[in-house]
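**Student:** I am attaching a structure below and will ask some questions about it afterwards.
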Amino acid sequence: MASTFGAAQVLVASNRGPVSYEVGEDGSLHAKRGGGGLVSGLSAIGPDAGALWVCSALSDGDREAVRRGVGEEGVRMLDVPADVHADAYNGIANSVLWFVHHMLYQTPLEPVFDAEFRRQWASYEAYNRAFAEALAEEAAEGAVAIVQDYHLTLVPGMLRELRPDLRIGHFSHTPWAPVDYFRILPDDIAEQVLRGMLGADRLGFLTRRWADAFTACCDALVGGPGDTRIGVHGLGADADFLRRRSHEADVDERMAGLRAEIGAGPDGNARRTIVRVDRTELSKNIVRGLLAYRRLLADRPEWRERVVHVAFAYPSRQDLAVYRDYTAEVQRVAEEINAEYGTPGWTPVVLHVKDDFARSLAAYRLADVALVNPVRDGMNLVAKEVPVVSDEGCVLVLSREAGAYEELGEDAVVVNPYDVVGTAAALHEALSIGAAERAERSKRLASAATALPPGRWFLEQLEELRG
Ligand code: F6P
Numbered sequence: 000m001a002s003t004f005g006a007a008q009v010l011v012a013s014n015r016g017p018v019s020y021e022v023g024e025d026g027s028l029h030a031k032r033g034g035g036g037l038v039s040g041l042s043a044i045g046p047d048a049g050a051l052w053v054c055s056a057l058s059d060g061d062r063e064a065v066r067r068g069v070g071e072e073g074v075r076m077l078d079v080p081a082d083v084h085a086d087a088y089n090g091i092a093n094s095v096l097w098f099v100h101h102m103l104y105q106t107p108l109e110p111v112f113d114a115e116f117r118r119q120w121a122s123y124e125a126y127n128r129a130f131a132e133a134l135a136e137e138a139a140e141g142a143v144a145i146v147q148d149y150h151l152t153l154v155p156g157m158l159r160e161l162r163p164d165l166r167i168g169h170f171s172h173t174p175w176a177p178v179d180y181f182r183i184l185p186d187d188i189a190e191q192v193l194r195g196m197l198g199a200d201r202l203g204f205l206t207r208r209w210a211d212a213f214t215a216c217c218d219a220l221v222g223g224p225g226d227t228r229i230g231v232h233g234l235g236a237d238a239d240f241l242r243r244r245s246h247e248a249d250v251d252e253r254m255a256g257l258r259a260e261i262g263a264g265p266d267g268n269a270r271r272t273i274v275r276v277d278r279t280e281l282s283k284n285i286v287r288g289l290l291a292y293r294r295l296l297a298d299r300p301e302w303r304e305r306v307v308h309v310a311f312a313y314p315s316r317q318d319l320a321v322y323r324d325y326t327a328e329v330q331r332v333a334e335e336i337n338a339e340y341g342t343p344g345w346t347p348v349v350l351h352v353k354d355d356f357a358r359s360l361a362a363y364r365l366a367d368v369a370l371v372n373p374v375r376d377g378m379n380l381v382a383k384e385v386p387v388v389s390d391e392g393c394v395l396v397l398s399r400e401a402g403a404y405e406e407l408g409e410d411a412v413v414v415n416p417y418d419v420v421g422t423a424a425a426l427h428e429a430l431s432i433g434a435a436e437r438a439e440r441s442k443r444l445a446s447a448a449t450a451l452p453p454g455r456w457f458l459e460q461l462e463e464l465r466g
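So for the sequence shown, numbering that gives the first Met the number 0 puts the first residue at 0; every next one is plus one.
In structure tokens, the structure reads:
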């Protein structure tokens with residue numbers, strides 16, 4: 000009898016895949032490979048492991064690639080209809096589930112769960128079903144499938160029904176909401192999300208705090224997590240890759256450019272730098288970071304002309320009006336600070352909004368202080384990457400609401416992200432730490448930050464599932 004099973008032994012599923020396509024002017028397709036923890040994690044199992052990455056087409060170029068049958072080995076891109084994907088990704092995943100887990104609602108007026116929400120939820124179900132069906136089709140008997148993130152919370156339950164033989168995992172790269180906040184969701188939806196995830200054999204979270212929050216939601220809403228195991232895997236920085244990449248020629252070039260933009264203070268010494276690198280993401284708290292810097296310049300005039308805030312805020316989720324507004328607010332506040340304090344030879348805030356990885360690494364290398372102050376964050380890899388790449392050591396100002404706080408809090412200057420006065424004081428403290436202590440702290444941070452490199456992070460989960 001012919002087998003109805005596929006050939007893949009290890010499957011990962013995520014909304015965004017490792018490759019994207021653009022249609023050139025001559026109609027040809029150009030592939031662009033992405034990076035990130037999952038890409039290097041998966042490469043740890045080697046090319047012969049029978050791995051398949053199932054992801055969604057996100058752009059017209061991606062859809063065109065699927066239609067033309069163009070693809071990379073080991074990747075299956077799903078051509079979910081554009082309107083269904085937009086409802087699921089923008090409408091539900093990024094405007095509801097992301098907001099719940101990062102506690103981003105301004106609750107006097109939002110959210111409103113009306114008929115439009117129900118319509119979008121049906122798209123979220125359809126999009127999750129498309130993933131479950133593709134995984135069911137591609138998986139070999141007894142294979143392991145690890146589903147990623149809040150986009151795909153219903154997949155484990157759906158896949159379990161289609162293929163009870165599989166070992167199913169799910170990993171959350173976000174925080175998990177506390178029970179009272181999670182219950183903002185309509186009761187049936189909250190229950191559906193939890194039961195969907197509990198279709199997995201094992202669920203992974205970035206920190207104990209998020210894992211415990213999930214368990215508390217299960218206890219309150221569905222009588223506990225049942226047989227599903229829950230584990231913590233604190234994804235670390237990829238030291239080998241970062242150290243190599245940050246010493247390539249384009250990074251040196253960017254460093255020279257940045258040094259020229261930063262300039263020297265009145266004493267002739269290079270100015271100190273407070274660096275931040277983020278997607279322009281609501282949870283990253285870039286505006287309060289700028290307000291804290293303004294407070295520093297107001298309260299501590301001795302830093303004027305002697306420090307520059309280098310802020311890279313790269314575009315993200317620009318289909319959503321609230322993200323576009325936030326991006327504009329970041330630019331407005333930065334300009335305000337420059338207008339208020341800038342002098343002919345000193346630009347207090349150097350803001351760049353065009354994504355440039357080499358320039359980010361250059362900023363990591365020369366940072367005196369790294370500012371990572373999210374209102375809430377699953378982990379925050381920038382907090383882990385800067386100390387690894389830093390040339391002469393860097394002080395980390397870190398929000399206690401970032402997942403990275405669990406591993407890095409001891410050697411960082413810790414802030415309450417809502418407290419702008421407190422953050423300004425922390426910036427002053429960080430700038431005042433001497434070179435020797437800065438280097439020592441940075442060394443300890445780098446070692447904690449690289450405790451679980453992406454390859455081991457992925458293999459750990461695989462081993463747990465294979466049991
Ligand atoms: O933090 C959760 C996460 O899914 C990350 O894994 C990823 O970097 C980001 O959010 C996804 O953003 P985007 O919406 O641009 O795919």
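Ideal placement from N, C-alpha and C gives every residue a C-beta, glycine not left out.
1) Can you have a look at A1 and say buried or exposed, based on whether 16 or more other CB atoms are within 10 angstroms of its CB?
2) Determine the DSSP secondary structure at A139, reduced to helix, strand or coil.
3) What residue range is occupied by the uninterrupted beta strand (DSSP E) comprising H29?
4) Out of G288, K442, R364, which one is the CA nearest neighbour of V420?
5) Can you check DSSP and say which residues form a bridge with L202?
6) Report the CB separation of A12 from L153 in whole angstroms; it is logged as a contact under 8 Å.
7) Starting from the C-beta of A7, find all residues in its chain whose C-beta is less than 8 Å away, skip the five residues before and the five after it, and write them out in chain order.
8) Taking the alpha helix (DSSP H) that Q191 falls in, what are its first and last residues?
9) Is H84 near ligand 1, in the sense that its beta carbon is under 6 Å from a heavy atom of that ligand?
10) Pull the bridge partners of A50 from the DSSP assignment, please.
11) Exposed or buried, what is Y363 when buried is set at 16 or more other beta-carbons lying within 10 Å of its beta-carbon?
12) Does the beta carbon of T206 fall short of 6 Å from some heavy atom of ligand 1?
13) Measure the C-alpha to C-alpha separation of R437 and E391 and round it to an integer number of angstroms.
14) For a test of your reading of the model: does the CB of D318 fall under 6 Å from any non-hydrogen atom of ligand 1? Yes or no.
15) Per DSSP, what kind of secondary structure is D376 in: helix, strand or coil?
16) If you follow the alpha helix (DSSP H) that L37 is part of, which residue opens it and which one closes it?
17) Can you list, in chain order, the stretches of the beta strand (DSSP E) that have 3 or more residues and sit fully within the stretch 263–338?
18) Quick check: the Cα distance between G402 and H172, rounded to an integer number of angstroms?
19) Give the single residue among A219, K31, T342, L37 whose Cα lies nearest to the Cα of E190.
20) Just to confirm, is the Cβ distance from A129 to L77 under 7 Å?
21) State the beta-bridge partners of W345 as determined by DSSP.
**Tutor:** Judging by the given coordinates:
1) For the purposes of this step, residue 1 is taken as residue 2 along the sequence shown, with counting starting at 1. In this prediction, A1 scores a pLDDT of 49, lower than 50, which makes its location untrustworthy; the coordinate-derived value is nonetheless stated afterwards. Per the 10 Å Cβ criterion, exposed.
2) On the sequence shown, position 140 is the one that residue 139 refers to. A139 falls in the strand class under three-state DSSP.
3) Here residue 29 refers to the residue found at position 30 when the sequence shown is read from its first residue. H29: member of the beta strand (DSSP E) spanning 28–32, first to last residue.
4) Counting from 1 along the sequence shown, the entry for residue 420 is found at position 421. If you compare the alpha carbons of G288, K442, R364 with that of V420, the shortest gap goes to G288.
5) The residue given as residue 202 occupies position 203 in the sequence shown. Residue pairing by DSSP places L202 opposite H169, I229 in a beta bridge.
6) Numbered from 1 along the sequence shown, position 13 holds the residue referred to as residue 12. Numbered from 1 along the sequence shown, position 154 holds the residue referred to as residue 153. That belief does not hold up - the Cβ atoms of A12 and L153 are roughly 12 Å apart, past 8 Å.
7) The residue labelled residue 7 in the question sits at position 8 within the sequence shown. Within the same chain, Cβ atoms closer than 8 Å to the Cβ of A7 are found at G49, A50, L51, E137, A138, A139, A142, the five residues on either side in sequence being excluded.
8) Locating residue 191 in the sequence shown gives position 192, counting from the first residue. Going by DSSP, Q191 is part of the alpha helix (DSSP H) stretching over 186–196.
9) Taking the first residue of the sequence shown as position 1, residue 84 is located at position 85. No; taking the cut-off as 6 Å, the Cβ of H84 has no heavy atom of ligand 1 nearer than that.
10) As a first step, residue 50 is located in the sequence shown; it is residue number 51 there, counting from the start. In DSSP, A50 forms a bridge with V9.
11) The sequence position of residue 363 within the sequence shown is 364, counting from 1. Looking at its Cβ environment, which holds 16 or more other Cβ atoms inside 10 Å, Y363 is buried.
12) Along the sequence shown, one-based indexing puts residue 206 at 207. Because no heavy atom of ligand 1 lies under 6 Å away, the Cβ of T206 does not count as near it: no.
13) As a first step, residue 437 must be located in the sequence shown, where it is residue number 438. As a first step, residue 391 must be located in the sequence shown, where it is residue number 392. Computed Cα separation, rounded: 8 Å.
14) Residue mapping note: residue 318 aligns to position 319 of the sequence shown, counting from 1. For ligand 1, not one heavy atom lies less than 6 Å from the Cβ of D318.
15) Counting from one through the sequence shown, the residue named residue 376 turns up at place 377. Three-state result, D376: strand.
16) Your numbering for residue 37 matches position 38 in the sequence shown. Residues 36–42.
17) Here the runs fully enclosed are 271–278, 306–313.
18) Translated into positions along the sequence shown, residue 402 becomes position 403. Translated into positions along the sequence shown, residue 172 becomes position 173. Roughly 10 Å separates the two Cα atoms.
19) In the sequence shown, the residue the question calls residue 190 occupies position 191. The shortest Cα separation from E190 among A219, K31, T342, L37 belongs to A219.
20) Along the sequence shown, read from residue 1 onward, the residue named residue 129 stands at position 130. Along the sequence shown, read from residue 1 onward, the residue named residue 77 stands at position 78. In terms of Cβ geometry, A129 and L77 form a close pair [threshold 7 Å].
21) Position 346 of the sequence shown holds residue 345. Here W345 is bridged, per DSSP, to T342.
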